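Everything below concerns the one structure shown next.
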Amino acid sequence: MNVYDSEQIAIQLAAAGYQQTPLLEKADLVILNTCTVRAKAEQKAFSFLGRLARLKKKKPGLITAVGGCVAQQEGAKILERVPHLDLVFGTQAIDRLPDLIGKIETKRCRIVDVAMAEQPDPFDAAPAADHHSQVARFVTIMRGCDNYCTYCVVPYVRGREASRHPDRIMEEIKLLVGSGVKEVTLLGQNVNSYGKKEGLLSFAELLFRVQTIEGLLRIRFTTSHPKDLDQDLIDAFRANEKLCSHIHLPVQSGSNRMLKRMNRNYTRELYLDKVAKLRDTCPGIAITSDMIVGFPGESDADFDETLDLMRKVEFDGLFAFMYSDRPNAPATQFKAKISEPLKRERLQILLEMQETYTKKKNEGLIGSIQTIIAEGFSKRQSAASLDEPNPAAQWSGRTATNKIVNFYHQAISGNGGAIFPGKLVQVKIEKAYAHSLWGKPVDIDSTAGGLKGEKSYAA
Ligand code: SAM
Ligand code: SF4
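Structure follows, in structure tokens:
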């Protein structure tokens with residue numbers, strides 16, 4: 088969501104005459120877009136702001152700004168704490184940025200704008216074209232959250248849940264596809280409740296509408312709340328041609344006692360039932376999740392229940408976090424806090440267990456042919472070496488199940504084969520690592536085998 092918001096910030100500022108630079112020292116304006124979902128993210132933001140002070144000393148004309156959830160949460164307090172900061176803007180102030188920056192440029196004043204829209208928020212601005220030439224992009228379909236999980240700061244910093252009108256979403260995706268985008272990930276804190284409040288389409292209906300966009304090859308989405316995952320959405324995995332066979336379905340804990348204290352509104356039994364339905368409907372679907380360890384009151388028995396759930400589900404991947412207190416979140420007041428060393432120990436156990444499942448799932452793909460969309464150079468590829476004529480560059484893409492596949496492909500010319508990203512590639516998987524796969528292209532730009540992925544298993 089922050090990646091999407093940063094892109095929106097760049098779009099707004101491009102209209103105001105700014106352009107992006109990869110070099111911090113060259114910037115006339117530095118914006119830090121922050122996250123406050125866990126304490127560590129907030130600490131990182133403040134430590135970066137500390138480093139920015141040195142830059143501002145060297146370049147007094149530099150404008151510095153903080154946006155996002157830390158800005159929303161702390162407001163004017165950040166200006167007090169960080170004397171070199173010019174602007175604090177909240178999660179709903181992005182479209183006001185050009186005005187805010189304009190005022191600072193002319194008056195050299197310091198501003199805080201953390202105003203949230205009054206209900207109902209139409210959140211309906213027409214999308215603006217932009218010039219990021221990526222293959223895969225995020226599109227926000229709703230913002231805010233009404234679920235109030237007891238550990239979570241999101242409802243307080245992102246506001247009430249509000250869905251965008253489907254027409255705006257379609258316009259934005261068509262604009263992106265027109266600029267070369269092949270895959271979109273629809274974003275919301277709980278996409279399953281898309282449109283319910285406003286009486287718009289259901290999320291499954293929205294997915295079918297998005298599927299009709301010509302030139303778009305793949306659709307992904309995140310995040311799904313288990314309590315709201317309905318049969319229509321489960322069926323969409325089979326019926327929607329472009330929907331990738333991967334679902335991120337955060338469970339947070341395997342203990343019913345903890346789920347209740349977290350206010351998640353489902354039980355482990357309901358979660359396991361939804362997993363079974365997903366796998367019945369879409370065999371081979373990848374299921375990933377989020378887990379919190381050390382939630383206040385989590386006993387050894389509760390933690391064992393979490394490990395037991397992991398054994399039952401065998402997730403394809405897991406984001407696991409140590410619980411941290413967040414401002415306004417009710418769990419901050421809960422008794423029976425878990426010590427940091429115990430949290431760390433539980434996290435370690437959980438991650439080690441998950442590693443065996445991730446490895447097993449990845450190794451199971453060796454010998455299969457996977458359809459990926461070439462997205463760009465792999466992380467290990469040095470773009471500079473591509474100025475040589477026809478080097479074999481290392482490229483990267485993802486399977487329908489969202490696993491990263493790296494592979495060699497001969498670059499077409501000295502510019503590193505700029506026309507290659509966006510091509511469909513059939514890759515035979517040869518090696519499996521903890522976080523990626525390695526393969527050999529066997530066919531390029533063919534839709535044979537379908538976009539949903541796995542064509543055949545040769546091993
Ligand atoms: N809306 C999504 C959901 O309901 O699962 C995700 C929201 S949150 C931005 C992403 C993840 O951060 C959560 O799934 C949770 O695992 C983790 N998280 C949120 N608050 C946390 C906290 N106080 N301490 C540790 N992890 C937290
Ligand atoms: Fe936070 Fe719960 Fe909303 Fe997810 S569903 S954003 S965890 S309150």
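This note's numbering numbers the first residue of the sequence shown as 88 and each following residue consecutively.
For each residue, glycine too, the CB sits at the ideal point set by N, CA and C.
Predicted, not measured: the structure shown is a model, and the values here were computed from it.
### Task
Report yes if the C-beta distance between Gln179 and Gly104 is below 8 Å; otherwise report no.
Their beta carbons are not under 8 Å apart, which means Gln179 does not touch Gly104 by this criterion.
### Query
Is DSSP giving Pro209 helix, strand or coil here?
Confidence in Pro209 is poor, its pLDDT being 49 and thus under 50, which makes the residue's placement unreliable; the coordinate value appears in the next sentence. Coil at Pro209, not helix or strand.
### Query
Can you name, in chain order, every residue of its own chain whose Cβ lies under 8 Å from the Cβ of Leu357, other than the five neighbours on each side?
A distance below 8 Å between beta-carbons, with the five flanking residues on each side excluded, links Leu357 to the following residues of its chain, in chain order: Pro313 and Lys314.
### Complete beta strand (DSSP E) runs within the stretch 225 to 312 (minimum length 3 residues, chain order)
Qualifying beta strand (DSSP E) stretches, in chain order: 270 to 274 and 305 to 309.
### CA-to-CA distance, Arg138 to Lys190, given in whole angstroms
Roughly 25 Å between the two C-alpha positions.
### Task
May I ask you to list the residues that DSSP assigns as paired with Thr151?
When DSSP reads this structure, Thr151 sits in a beta bridge with Val117.
### Message
Does Gln179 come out as helix, strand or coil in the three-state DSSP assignment?
### Response
Gln179 falls in the coil class under three-state DSSP.
#### Entry: Residue range of the unbroken beta strand (DSSP E) whose run includes Tyr105
DSSP places Tyr105 in no beta strand (DSSP E); its state is neither H nor E.
### Query
By Cβ distance, which residues of its chain are closer than 8 Å to Cys239, with the 5 residues on each side in sequence left out?
Only Val124, Cys232, Arg413 and Ala416 meet the Cβ criterion.
### Query
Gln513: beta carbon under 7 Å from a heavy atom of the ligand SAM?
No, the Cβ of Gln513 stays beyond 7 Å of every heavy atom of the ligand SAM.
#### Entry: Straight-line gap, Pro242 to Gly484 (C-alpha atoms, nearest Å)
Roughly 34 Å between the two C-alpha positions.
### Query
Hey, quick one: how far does the beta strand (DSSP E) through Val492 stretch, first residue to last?
Element bounds for Val492: Ile491 to Gln497.
### Task
Starting from Val514, follow its DSSP beta bridges and name the residues at the other end.
For Val514, which the question treats as bridged, DSSP gives the partners Gln457 and Pro528.
### Task
Quick one: give me the first and last residue of the alpha helix (DSSP H) that Phe133 is part of.
Phe133 -> alpha helix (DSSP H) spans Ala126 to Lys145.
### Task
Could you tell me if the beta carbon of Val416 falls within a distance shorter than 7 Å of some heavy atom in the ligand SAM?
One detail in the question is off: residue 416 reads as Ala in this sequence, not Val. Inclusion of Ala416 in the 7 Å shell around the ligand SAM follows from its C-beta lying nearer than that to a non-hydrogen atom of the ligand.
### Task
Return yes when the C-beta of Asp377 is under 7 Å from any heavy atom of the ligand SAM, and no when it is not.
Yes; taking the cut-off as 7 Å, the Cβ of Asp377 has a heavy atom of the ligand SAM nearer than that.
### Val175: CB within 7 Å of a non-hydrogen atom of the ligand SF4
Val175: no, Cβ never under 7 Å from the ligand SF4.
### Message
Output needed for Ile321: all residues of its chain with C-beta closer than 6 Å, excluding positions within five of it in sequence on either side, in chain order.
### Response
Cβ neighbours of Ile321 beyond the five flanking positions: Lys364, Leu365 and Thr368.
### Query
On the three-pair Cβ rule with 8 Å, is the stretch 276 to 289 touching the stretch 442 to 453?
Contact between the stretch 276 to 289 and the stretch 442 to 453 is absent, because fewer than three Cβ pairs lie under 8 Å.
### Query
DSSP three-state call for Gly501: helix, strand or coil?
Caution is warranted here: a pLDDT of 47 is assigned to Gly501, below 50, making its placement in the model unreliable, and the coordinate value is therefore given only provisionally. Reduced to three states, the DSSP call for Gly501 is coil.
### Message
Bridge partners for Leu172 per DSSP, in chain order?
### Response
None; Leu172 has no bridge partner.
### Query
Looking at Thr310 and Thr272, is the spacing between their C-beta atoms short of 8 Å?
No, these two residues do not count as a Cβ contact at 8 Å.
### Query
Mind checking whether Thr458 and Ala487 have CB atoms under 8 Å apart?
Yes. Within cutoff.
### Task
For Val90, verify whether its CB is less than 7 Å away from any heavy atom of the ligand SF4.
Remark: the shortest separation between the CB of Val90 and any heavy atom of the ligand SF4 does not fall under 7 Å.
### As assigned by DSSP and simplified to three states, the class of Thr375
Looking at Thr375 - three-state DSSP - the assignment turns out to be strand.
### Extent of the continuous alpha helix (DSSP H) run through Gly162
If you look at Gly162, you'll find it isn't in any alpha helix (DSSP H); DSSP assigns it neither H nor E.
### Query
My guess is that Val380 and Leu437 are in contact by the Cβ rule of under 8 Å, so how many angstroms apart are they, rounded?
Contact flag correct, Cβ pair sits at about 6 Å.
### Query
Ends of the beta strand (DSSP E) at Gly404?
Where Gly404 is concerned, the enclosing beta strand (DSSP E) starts and stops at Gly404 to Met409.
### Message
Distance check for Arg168 and Lys143, CA to CA, integer angstroms please.
### Response
The alpha-carbon separation between Lys143 and Arg168 amounts to approximately 16 Å.
### Task
Check Val199 in the structure and name its three-state DSSP category.
Of the three classes helix, strand and coil, the one that applies to Val199 here is strand, per DSSP.
### Query
Taking C-alpha atoms, which residue in Asn120, Thr354, Phe290 and Thr419 lies nearest to Ile306?
Looking at Asn120, Thr354, Phe290 and Thr419, the one whose alpha-carbon comes closest to that of Ile306 is Phe290.
### Message
Assuming contact is defined by CB atoms lying nearer than 8 Å, are Met378 and Gln339 in contact in what I supplied?
### Response
Yes, these two residues count as a Cβ contact at 8 Å.
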